[in-house]
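Chains A and B, in that order, give the protein sequences.
Following our numbering, the residues of the first sequence are numbered contiguously, the last one being 660.
Following our numbering, the residues of the second sequence are numbered contiguously, the last one being 660.
All C-beta atoms, glycine included, are put in the ideal place defined by N, C-alpha and C.
All remarks here apply to the structure that follows.
There are 2 protein chains.
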Amino acid sequence: MKQRKITLSENEIPEKWYNIVADMPNKPLPPLHPGTKEPIGPDALAPLFPMELIKQEVTPEKWVDIPDEVRHIYSMWRPTPLYRAYGLEKVLDTPAKIYYKYEGVSPSGSHKPNTAVPQAYYNKQEGIKRITTETGAGQWGSALAFACNHFDIECEVYMVRLSYDHKPYRKIMMNTWGAKVFPSPSNATEAGRKILAEDPNTTGSLGIAISEAIERAATNDDTKYALGSVLNHVKLHQTIIGQEAVLQMEKAGDMPDIVIAPFGGGSNFAGLAFPFLRMNLESGEHKIRCIASEPTSCPKLTRGVFRYDFGDTVGMTPLLPMYTLGHNFVPAPIHAGGLRYHGAGVIVSQLLRDKLIEAVAHDNVEVFEAGVTFARAEGIIPAPEATHGIATAIAEANKCKQEGVSRTILFNMCGHGNFDMKAYEDYFAGNIVRHELSTAEIEASLAKLDTPLIE
Amino acid sequence: MKQRKITLSENEIPEKWYNIVADMPNKPLPPLHPGTKEPIGPDALAPLFPMELIKQEVTPEKWVDIPDEVRHIYSMWRPTPLYRAYGLEKVLDTPAKIYYKYEGVSPSGSHKPNTAVPQAYYNKQEGIKRITTETGAGQWGSALAFACNHFDIECEVYMVRLSYDHKPYRKIMMNTWGAKVFPSPSNATEAGRKILAEDPNTTGSLGIAISEAIERAATNDDTKYALGSVLNHVKLHQTIIGQEAVLQMEKAGDMPDIVIAPFGGGSNFAGLAFPFLRMNLESGEHKIRCIASEPTSCPKLTRGVFRYDFGDTVGMTPLLPMYTLGHNFVPAPIHAGGLRYHGAGVIVSQLLRDKLIEAVAHDNVEVFEAGVTFARAEGIIPAPEATHGIATAIAEANKCKQEGVSRTILFNMCGHGNFDMKAYEDYFAGNIVRHELSTAEIEASLAKLDTPLIE
């Protein structure tokens, strides 16, 4: 019988996270103060994050120890399986060998708990009683709810009202793990009350929800804030994915030519790709192509500019050197809510600028076609975010067929679609539409920026 | 680090299913013709099932080979993990050691694909083009849709209209795997049209859906019918669960004193328990207690009678010797739809009658309490059916604490609750109510029976 899953035992869960900054030829530029535009140090983050996470955010060390307790919680679902996609290869009739790392086996169904757990752990270590966060469709909020429940930390999630009203199941999942979920804007914060006073019927936005969560953390000593992507320490935690995958590919007696992952803020991509990129960086040879896969409706990597910009919509965060569409950019309401972010994390942005990684964009209809093909061939229904990586993998496998060459392709199947069946219903009903942005639209968004240019 | 998951490699997937009939001291009584009341042979089933499954239904052989192709499909999610429930043990503060076998990692999220896959396989082998079935909440229908898609067999699912309208996500899951889903009663069958003509607004029932699915199979040569529980061959296929669990308990250096599983028609329970019961039967010692866990609202094992009864509501199937509440019994509309069945499979009924297994019943509120305790302690939100096994495990662990003894408890965590969040919402809102049946209610249902008595 041909082996389909490459599994690892619990004692093979990596003992350290990998910090790619140590191996980067050009280090990321420093964040700037939003007011003074001067470089800021780690202290500026102290009101929002526990000190251990701030240290990880700026550490130059190549390896960071994973606490035993975190590894033991990881063992609830890790190591995750690496699959050889025999079904997909057959349907595509491709000479390519296709593998995927499956992160949907986690409690909340995606890769997000990989960072939610250590974030909750370090907060607990520093005596924090409450963690706040924002969530759109709910993937990040439910991962943090799960992690906080484990450490008996109160979890407050500000959920964009549109999602709160229309996608109640993620909210109930968070409640089941004991989290408090507020429709945002809420009456629990100054920011929320102000917006509600102006427009009581607003459906909210991720930008507003971030403002509410940050306000709660900034104004309460026992409360901190947590973010599910973009930041360096989040990417660091996610490298557990790629480190396992390296081991698993070695066990399969194979190594990818191409590594692919969906791209929202960058932690999904970083998680799988960085441990493979490490091989390129250490050897000085560009052997493995790493491709970030984004939606055409939010194409910061393929059509954005590299400059300083805010991480949030309101302009409260430090200025970060990133590929961006402009912090006021409002992406189309695609089902892949996790990819609807205007900018790219700092490390990934620098890597792209240095041409050490690649990026592609896929249309909304194309990714659902890919998702259904995958569900029928491999039996797992992917989350809308995950379909982007699948679409890139299919495109590369089709290239192999056209060129008559075999390459080994690995992608991050970052989550299941059990909470996204409405998206598939819309697809089957023909209600998923193409979202191509015109150059004028992108230029109009970028023209509004007055943040510092780079070079 | 304490080991949490006991995993097996793909080459440890069992090569044979275990047929407990070979080891039973008293063999099951024969099924009777619904009209003549005479024993019937396997041929009577030929219009509905492929011959290989009929052979398995009546085989006296102890072991049945699992085809390589079926094992390869199993490898998409099998072997499933066996967990040591450290989190639950801690919350309960019990000296008991608690383990659970987790079947929620399958594509459709429960143990159902274990039998859906071989059923589709044998139908394919015999050239069948279409399989029909009924489904309530959708667990069985989605498992069969997944399996049929794999073999390129058309799948027609008759879904009780109430569920079709109120639980659309399982329906979309089936569509994603290419199945046709009809709200039942439908216009696709004589039975459906007749009922619709009488009451166009009926919400349907499982009994009606079975009639529709059977009619389609009986009246089309290229079409067969599939059932997700109750029958012997279904139980046979599910023994893959318990066989893996025996291996895993051995690897853990432990062996259960008590084995527990939820009980609907019996395949969930049979799947985990039979390979452990085998040890009792072969040794002649009653070392391992096997407990079936049912809802108090549908208590055929704990409060029903052992006599011949129909498998369906309408009275079309052969008469089976079973514990039953009467085929006209209508269980309360609890969320654990998979446990709302009036009778128990033939083999399990005989085992209970011979006191080789035990049964307990839990109230609806108690099981949701258990489900939330489990979700918070172990990080996996269980399906409402699965919460019944959890409730029994918690009760036994609490007994250990009261008695100051340590026992090893194993239960079947047969599925996740990702498609059942509405049930948890109802629970948190206080809308889950107790369902105690009075003796008069049960007697009234049984009084309607005119089926043959036993002894």
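Here tyrosine 363 of chain B is near glutamate 417 of chain B, since their CB atoms are less than 8 Å apart. A distance below 8 Å separates the beta carbons of isoleucine 333 of chain B and threonine 428 of chain B. The beta carbon of methionine 521 of chain A does not come within 8 Å of any beta carbon belonging to chain B, so the residue lies off that interface. Judged by DSSP in its simplified three-state form, arginine 289 of chain B adopts strand. Residue range 563–567 is occupied by the beta strand (DSSP E) that includes alanine 564 of chain B. Looking at the DSSP output, methionine 364 of chain B shares a beta bridge with B:Thr340 and B:Pro388. As computed with DSSP, valine 464 of chain B is found in a beta bridge with B:Cys495 and B:Leu615.
For glutamine 261 of chain A, no chain B residue has a C-beta closer than 9 Å to its own C-beta; the minimum C-beta separation is roughly 22 Å. Note on glycine 489 of chain A: under 16 other CB atoms within 10 angstroms of its CB, so exposed under the neighbour-count rule. Residue-level contact by beta carbon holds for threonine 381 of chain A and chain B, with a gap shorter than 8 Å. Closest in C-alpha terms to proline 373 of chain B, from the list A:Leu642, A:Met626, A:Ala634 and A:Glu660, comes A:Met626. With contacts defined as CB atoms closer than 8 Å, lysine 210 of chain A and glutamate 583 of chain B fail to qualify as a contacting pair.
Taken in chain order, the complete alpha helix (DSSP H) segments of 4 residues or longer contained in the stretch 584–632 of chain B are 589–608.
For methionine 206 of chain A, the chain B residues whose Cβ falls inside 9 Å of its Cβ are Glu215, Asn216, Ile218, Asp273, Arg276, His277 and Ser280, in order along the chain.
Among the residues of the stretch 311–329 of chain A, those with a Cβ less than 8 Å away from any Cβ of chain B are Pro312 and Gly314, in the order of the chain.
Considering only A:His355, A:Ala591 and A:Val553, the residue with the shortest C-alpha distance to alanine 541 of chain A is A:Ala591.
For aspartate 459 of chain B, there is no enclosing alpha helix (DSSP H), as DSSP marks it with neither H nor E. Judged by their CB atoms, aspartate 462 of chain A and threonine 299 of chain A are not nearer to each other than the 8 Å cut-off. Residues of chain A whose Cβ lies closer than 8 Å to the Cβ of glutamate 574 of chain B do not exist; the shortest such Cβ separation is about 12 Å.
Per DSSP, lysine 302 of chain A is not a residue of any alpha helix (DSSP H); the beta strand (DSSP E) it occupies stretches across 302–307. Annotation: Cβ neighbours of proline 373 of chain B in chain A (cutoff 8 Å, chain order): Met626 and Glu630. Annotation for tyrosine 513 of chain A: the continuous beta strand (DSSP E) segment containing it runs 510–515. The DSSP-derived three-state label of lysine 232 of chain B is coil. Residues of the stretch 575–597 of chain B with a C-beta less than 7 Å from any C-beta of chain A: Val577, Ala580, Arg581, Gly584, Ile585 and Ile586, listed in chain order. When Cβ-Cβ separations below 8 Å define contact, phenylalanine 351 of chain A makes contact with chain B. DSSP places tryptophan 282 of chain A in the coil class of the three-state scheme, outside both helix and strand. With 16 or more neighbouring CB atoms inside 10 Å of its own CB, lysine 329 of chain B falls in the buried class. Interface residue (Cβ-Cβ distance to chain B less than 8 Å): arginine 209 of chain A is classified as such.
Short of 8 Å from the beta carbon of arginine 483 of chain B, and not among the five residues preceding or following it, lie these beta carbons of its own chain, in chain order: Tyr223, Ile225 and Asp228. Methionine 379 of chain B: member of the alpha helix (DSSP H) spanning 373–381, first to last residue. In this structure, glycine 543 of chain B sits near alanine 342 of chain B, with a CB-CB distance shorter than 8 Å. Per the coordinates, the alpha-carbon of arginine 545 of chain B lies some 12 Å from the alpha-carbon of histidine 532 of chain B. Residues of chain B with a Cβ closer than 7 Å to the Cβ of methionine 378 of chain A are, in chain order, Ile586 and Met626.
By a beta-carbon distance limit of 8 Å, threonine 518 of chain A does not contact valine 439 of chain A. Their separation comes to about 19 Å.
Boundaries of the alpha helix (DSSP H) harbouring threonine 644 of chain A: 644–652, taken from the DSSP string. With respect to chain B, the C-beta atom of threonine 212 of chain A has a partner C-beta closer than 8 Å.
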